[in-house]
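In the numbering used here, the protein residues as written are 4 to 108.
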Amino acid sequence: VAMGLKPSEELRHVFVPLAMPSIVAGVRTATVICIGTATLAAFIGAGGLGDPIVKGLALNDTRLILEGAIPAALLAIVTELVFEWVERLLVPGHLRSSSTTAAAA
């Protein structure tokens, strides 16, 4: 028991705040990877964000490729920015990753 804290208080006031940067970074990374994977699903016939990309590649149509690639990229970028904002809300400044701290300055 650290400094007279109960185990639940120790978890809430010490361990969770220290783990929060890693938790947020993991969720942030996993979410962006999921968006990228959703575009690849079209290559196996599962549809999704990558359908216009696959059709554009099959027809050699750059415009169609960009119609799929640009929204997918924008979705990944917006998601990254949202999680950066969430990290600013949840993680104390001295525990944030250097990229978020530099962006806030």
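Yeah, the Cβ is synthetic: ideal placement off N, Cα and C, and Gly gets one too.
message = Assess contact between the stretch 8-28 and the stretch 37-51, defined as three or more Cβ pairs (one per stretch) separated by less than 8 Å. Is contact present?
response = The stretch 8-28 makes no contact with the stretch 37-51: fewer than 3 CB pairs, one atom from each, lie closer than 8 Å.
Closest residue to leucine 78 among Arg15, Cys37, Ala22 (Cα-Cα distance) = The sequence position of residue 78 within the sequence shown is 75, counting from 1. Nearest of Arg15, Cys37, Ala22 to leucine 78, Cα basis: Cys37.
task = Whole angstroms is fine: what's the gap from arginine 31's alpha carbon to proline 24's?
result = Your numbering for residue 31 matches position 28 in the sequence shown. Your numbering for residue 24 matches position 21 in the sequence shown. The alpha-carbon of arginine 31 is positioned some 10 Å away from that of proline 24.
task = Output the boundary residues of the alpha helix (DSSP H) element that contains valine 30.
result = Start at 1 with the first residue of the sequence shown, and residue 30 comes out as number 27. 19-43 is the span of the alpha helix (DSSP H), which, as asked, contains valine 30.
message = Considering just the uninterrupted stretch of the alpha helix (DSSP H) at leucine 60, what are its terminal residues?
response = Position 57 of the sequence shown, counted from the start, is the residue given in the question as residue 60. For leucine 60, the uninterrupted alpha helix (DSSP H) segment begins and ends at 54-62.
ask   = According to the Cβ coordinates, are valine 35 and glutamate 90 closer than 8 Å?
value = Within the sequence shown, numbered from 1, the residue matching residue 35 stands at position 32. Within the sequence shown, numbered from 1, the residue matching residue 90 stands at position 87. No, the pair does not count as a contact, with Cβ atoms beyond the cut-off.
message = If we require 4 or more residues per run, which alpha helix (DSSP H) segments fall completely within the stretch 65-99?
response = DSSP runs (the alpha helix (DSSP H)) wholly in the stretch 65-99: 65-93.
inquiry  = Suppose the cutoff is 7 Å on Cβ atoms and the five residues either side in sequence are ignored; what does the same chain contact list for valine 81 look like?
reply    = The residue given as residue 81 occupies position 78 in the sequence shown. Nothing listed; no residue qualifies.
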